[in-house]
Each structure stands twice: as C-alpha cells, then as structure tokens.
Amino acid sequence: MDLERRNEELEELYLLEGCFPKAEKLKRDDRLLSQWKHYIQCDGSPDPSISQEINTFISLWKEETNETLEAVIAKSKLVLNLIGKLKLILLETPPYDLQEKNIIQYQGSILELQELLHLKFNMATELLLRQASTLADVDSGNMEKVIRDENVTLYVWANLKKNPRYKSVTFSETQVGFEIPRILATSDIALRLLHTHYDHVTPLGPAPAASQEPTSTVTHLVKDEAKGIEAAVSKVLQEESKQQENESNSVHEEETKVEEPGDAEEQKNSVQEEPEVKQHDLEMKLLSETVLAAQLLLLENAQEKPRFFEDDEIDLCQFTTLGGVYHLDILELPPQYKSMKGWMIVEILKEGLQKYVYPPETTEDFETENAFPPIEVMLEVHENVIFFEDPMVARWDAEAKHWKTDGISNVSHKSEERLITFSLETFGPVTLIQDAHVNMPYQSWELRPLDVNKVLLTVTTVFMEIQIQIKENFCMLASIKLNNKKHYSILEEKWMTPISFILALKEAGLNIFPTRHSHFYVATNYKLPLVEIKAYRQMALLSSAFAFGWSKWNAVCDSKKVVFQVREYLPKEEPIQNPNWTLLMFSGDRAQSLRINENSEAFSEALKEETEFHSTLYHMVKDFASKEAMRYIRCSNCQFIDSVCHMLLSTRLLSYS
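Heads up, the sequence shown is in our numbering, so the first residue is 1362 and it goes up one at a time.
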C-alpha cells in the first residue's frame, strides 16, 4: 500500500472522526441546558451541584421534626433523585472537566444526604413505636406494620405481650419473618427490617479526577499529545494576535491611499475571520485528543490486583451487592403513650431510638451457654433483580467498613419463590452478593443496524442473551432470554442515556461491563488498547449500514490484532438465513479481508483474493459497500456514533469474548 494513499485514507478518517468532539460539545451544551432548565422551573427543589442550595435543603430538613414514616418515604423520593443527579454528574462529566474541589463537594453532599435520610427513618420509627400500644393487633396483642414503596419496604414488629411461647414472627401477607429466642420473646423490644432498594452502606467508589495519574503508557502518550496541542493553540493564537495587529495597521495605512473603501473593509473582515477559523480548528483538535484520552481510560487495565482480603471479607472488585440493603435492627421499645384525663402523655427520651444489644457484651448472668442462639431470618429477594447463581449473604462490619460473611450460617435460597433464609448471630445491615463477572467472558456478540442512527447489540453469555437498542444518544433494553426463555424486566422499553443505562443494568444484575480490575477475575483475550479503541471507533462510524459479529479467530491472533465478521446490512432488507460474512483483521493501522472463513480448519492471515490492504476499516469495507450503504453512513448522527462507541468501549467485546 503506497504512502500517498495511506495518508489520504488517514486524512479522510480524521475528518469522519470529527463526530466525536462534536458529540462532546453537544453533551457539554446539554449539561448547561439542564442547569438552565432547572433554574427556570422554580419547582422548589435544589440544584444539587450548587453547594448553597443543597446545604440549605439539608439544614431545613434537619429542622423538621415529628415526621411520620409515610412523610419520610415521600420525601425520600426527592432525596434519592438529588443523590442520583450528583452521582450522574460525577460519572458523565469527563475527567478533564471535573475539578478536585467539585468532586469533594459532590461526594460530601451525597454522604450527607444518605446519612440524613437514614436518620429520618430512625426518628420516624421512634415516633411509630411510641404509639405501638394504641396500634396493637387484637388477636396477638403485638403491633405489626408493613409499608411498601418503590424505593423502600419497611417491616416493624413491637413485642407488647412478651409471651415466651411467641417465638415465630411472620408479617401478614408476606413470607418475611424471624425466629427469635426466648430471651427476646420476653423483652421490651421491637424488630425492624428496613429494606432499602438502594445501597447507601457501601462506600462511594473513587471518582475519575483530572488530577488522577493515568497508569497506562498509551494514556500517557495521548495526554502528552493533548498538552502539546493545547500549548500549540495558545502559541498560535498569540502569534495570530500580533499578526492581526500588524495587518490591521497596514490595512489602515492602505485605506488612506486606496480610493475604494469597500475593498479595504472586505480585506479587514477576512483578516479578522481567518484567525477565528484557525482557532476553532485547533480547539476541535484539542477536544478530539482529550476525548480520545477519556475513551482510553475506559479500556485501561489496573496494573496491580486490589489489596489482600481476609477469608470472610468481600472483595467488591470481584463481587457486587445486589437488590439493596436489608437494615435489620432489634430496638428497645420506647415509653408508650398513656391516656390521662383526656390527654395523651408520653415520656420522650433524650437519647432517642436505642438499639437492643444482642447478644449482650457480658453473658455471665445467664445460666445456659445457648441463651443467645443465632436468629433465623427469612427475606424476600427484590423482584427486579436477577441472580444467576445462589447469592451469598454478607453483613456490614461498621468498624472495618466492609462487607463480611462471618456470623452467617444455614443459608438457603429458593429461587422460584424468591426467598432466602439464614441464621444471623448479630443484627445489622445485610445484603445479597453476586459475582460481578458471572456473565463474563461472553460467548458471542453481534451489532447490526435497525435503521439510520439505530442499532441492536446482542451479547450472549453462559446464562443469558441480552439485546440492547441504541438510538441517537439513548439506549434501551430490548429483551432478555434466560435459558432460551424470554424474561421480562422492568427496564424494557425505557430509553436512557448510556451511563444511566449502564448503571440501571448493573443494579438489575445484568452486568456485562468490565472494570479496570476485571482482567484479574476473568479469562480475557487481551488486545492492545490502541488497537481496540480504533476498532470500536470505526465500527461505530460504520454501524448504520454494516453488521459486525464475533469470530472464534479473534482468540487465535495475537494481542496486536483483532478479528471479527462484517457484512453490509441495510435496515430495510429482509433477514437472510445464512448470511455471507467477511472476516476482517485489523491492527489499528492496517485492515485486510482474510481468505479463511469462520468454518476453516486453521487460522491464516493470508489476504483474500481480489482484495487489498487499507489503513482503516472504513476504506476496507468501502471496497465492497453499495452506494446506499455509504449514504447511510454519511447520514449518521454524531451523538449516535458516540453512543455506539461508548457501549462498545464499556462492554469491551473484542477482549472479553
């Protein structure tokens, strides 16, 4: 392949990839527009990104007292919305646009809101328990209350009768309950199970800061190049400013000599416009490089494995919490309301709601050794999450600040009934754990067009087949199959931005998104980040008219090359039973059609007959593309291309299948 043609192809590709900085500029505009929309809405809710507003909201809510559980649950919708907005700001804003002080501010606000929300639930629980005697059940003589909401489910039981034979507590119309020992059955206690469908216990992960040092050599190179371009922009602008001054002066001198002032004015305008054009081009080049650096961070592998974990400690790089957190508490029953001469009188304790310590710190006063056996707990698994294997049960260690599996025994999971039973030595926050990589590596994948600016991504794993639609700058879960059977998910038919969509899938247990530590836990097919990123970017450019698919030969070629199947697929054409795929091999700077096919007996890099080498995938497929296909590609929206590329970078199909 001659050098002149190579340069022409790379130059054309550079112009086509101008869609990525354009998409980034649109995302910046959208972020500013959303702030403006919130400002003009005047709906009374604070802008969580403005510290004065969120601090005022927190202070005012702290002052509110005597809120019922229903009132707190209603207010929690706004609080969770504010927390969600702050988390999205941290995830959606590129590292180069995030300042360290803003990261600290946003994470601080998230923690404050989380702590205050839990405090409010405790205060409302105390308010309910003060009037437990007035709400007692006629048959049992004890109080029971269940509140269900989209974000929380609350179960409260107050032991008013203290009947030693009443050891089995099951909440009405549920299978949730406890088997309590005699010591608790005869004590002034209440049991509370607050199932938050979110996790505010696990510490926040580190946000990608601009000051964070990149670990890969590739990212270093791109960052250095971006800094060089930034310096060049500044230097060129300074030189042009001086040049403009000189030319402006010369134009002014000529104005006195030339009789036609119109020509001078035209010359002056062209002198002013030219630097603006150059400035715009240089700024877009800088943005292009910074976008590339941010994309490379998604492909970065950690150099070292996370710290050593104890046998009973959960490694959150390998595992993930799923289905929210079950806050299990044994509480001391507060003084009850008493009726006196038409008044209701109650003693309010200064220390507020108190936890009942079980087992007590000293057990010397008790006769038998088994006076404090583990408590059997029966919980319902959240209906909107999927466990592909029996979940682990973990408890939160408040001192060590991590999840642990000790103190938990006799775990039994009934997947059909969505029930889990276990014995717990001490009460506290409990969660269910799943291997974050249960669906990795993938068995196969396919990306095919549905229309201009609309594609379908299918990923097949050991346990499921998941289909994702991408349209313009939104993603949607199209379908899930478990063991070849259709499975309904609450996420279906809901369009979201790519990052919101990825978060929602992870929270539902549908994790097909490797992290920088995943290669320590999954057998991967390592590819050089620069090769991988160039492939994803160019696949996204072509995705409106070409289908791409998994190839078994990708695992055979070395880490400097990727192999996949490709074929023209115009959205309006009828599905073909046995489509004719072409095998492409790409090394980042050279693309070729392979002579072999998917059914060949051995791998060979031999060039397919009547084809030639190209520098890019775009020019490779252009050789056999129809005019209609090229028209579809030229009509592709920059935000759509960016969204497809982001999904490919997030799933890392070429390395994890």
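Just so you know, even glycine gets a beta-carbon here, dropped at the ideal spot from N, CA and C.
Helix, strand or coil for residue i? Go by DSSP, reduced to three states.
i       : result
ARG1928 : strand
ASP1642 : helix
THR1486 : helix
MET2008 : helix
ALA1625 : Unreliable placement is indicated for ALA1625, whose pLDDT of 48 sits below 50; the coordinate value is still reported in the next sentence. If DSSP states are grouped into helix, strand and coil, ALA1625 belongs with the helices.
PRO1696 : coil
ARG1898 : helix
ASN1800 : coil
CYS1403 : coil
GLY1445 : helix
VAL1949 : Checking the displayed sequence, the identity of residue 1949 turns out to be Gly instead of Val. GLY1949 falls in the coil class under three-state DSSP.
LYS1847 : strand
ASN1915 : helix
LYS1765 : strand
TRP1397 : helix
GLU1741 : strand
ASN1416 : helix
LYS1436 : helix
ILE1471 : helix
ILE1860 : helix
LEU1377 : helix
ASN1503 : coil
Apart from the five residues on each side of it in sequence, which residues of its chain come closer than 6 Å, Cβ to Cβ, to residue i?
i       : result
HIS2007 : PRO1859
ILE1873 : ASN1800, VAL1820 and THR2012
TRP1914 : VAL1924 and PHE1964
SER1770 : SER1784
GLN1466 : SER1412
MET1991 : none
ASN1845 : none
ASP1812 : PRO1932
SER2004 : ILE1831, ASN1834 and PRO1859
GLU1428 : ALA1485
Using the C-alpha atoms, what's the distance from residue j back to residue i?
i       : j       : result
ARG2031 : ALA1384 : Nothing can be reported for residue 2031: it is not among the residues displayed for the chain, which extend from 1362 to 2018.
ALA1485 : GLU1750 : 37 Å
GLU1461 : HIS1848 : 43 Å
LEU1889 : ARG2013 : 12 Å
LEU1552 : GLY1502 : 15 Å
LEU1780 : LEU1740 : 6 Å
VAL1718 : LEU1554 : 16 Å
TYR1457 : ILE1464 : 12 Å
ASP1343 : CYS1678 : In this structure the chain extends from 1362 to 2018, so residue 1343 is not present and cannot be described.
GLU1962 : ARG1367 : 33 Å
PHE1907 : GLU1370 : 19 Å
GLU1971 : LEU1657 : 35 Å
GLU1893 : SER1406 : 43 Å
PRO1695 : GLY1713 : 9 Å
LEU1871 : GLY1445 : 19 Å
SER1904 : GLU1826 : 21 Å
TYR1698 : VAL1746 : 41 Å
MET1946 : GLU1511 : 49 Å
ASP1500 : GLY1538 : 18 Å
LEU1968 : VAL1982 : 14 Å
GLN1926 : TRP1856 : 29 Å
ASN1886 : ALA1654 : 22 Å
GLN1468 : ASN1442 : 15 Å
LEU2022 : VAL1707 : As shown, the chain starts at 1362 and ends at 2018. That puts residue 2022 outside it, with no answer to give.
GLN2000 : LYS1388 : 9 Å
ASN1939 : LYS1639 : 51 Å
MET1705 : THR1495 : 11 Å
PRO1721 : PRO1455 : 50 Å
LEU1439 : PRO1409 : 11 Å
With a cut-off of 8 Å on the beta carbons, I'd call residue i and residue j a contact; round off their distance for me.
i       : j       : result
ALA1519 : ALA1493 : 4 Å
PHE1482 : VAL1562 : At roughly 13 Å, the Cβ-Cβ gap does not stay under 8 Å, so PHE1482 and VAL1562 are not in contact.
MET1645 : GLY1379 : 7 Å
LEU1683 : PHE1748 : 7 Å
LEU1447 : ILE1471 : 5 Å
Near residue i, what residues of its chain come up, given a Cβ to Cβ distance below 8 Å and the 5 sequence neighbours on each side ignored?
i       : result
GLY1685 : HIS1556, THR1557, HIS1558, TYR1559, ASP1560, HIS1743 and THR1792
ASP1676 : PRO1667 and PHE1670
ASP1498 : MET1504 and GLU1505
Spell out whether any CB of chain D is found under 9 Å from the CB atom of residue i.
i       : result
MET1900 : Looking at the structure shown, chain D is missing, and only one protein chain is on hand.
What residues in its chain sit with their C-beta under 7 Å from that of residue i, if we drop five residues either side in the sequence?
i       : result
HIS1878 : ALA1663, PRO1667 and CYS1678
ILE1541 : LYS1528, VAL1530 and ILE1736
Run through the stretch 1786 to 1842 for me and flag every whole beta strand (DSSP E) of 3 or more residues, listed as ranges in chain order.
1790 to 1796, 1805 to 1812, 1815 to 1821 and 1825 to 1832
Go through the stretch 1936 to 2006 residue by residue and report every complete run of the beta strand (DSSP E) that reaches 3 residues or more, in order.
1943 to 1947 and 1952 to 1954
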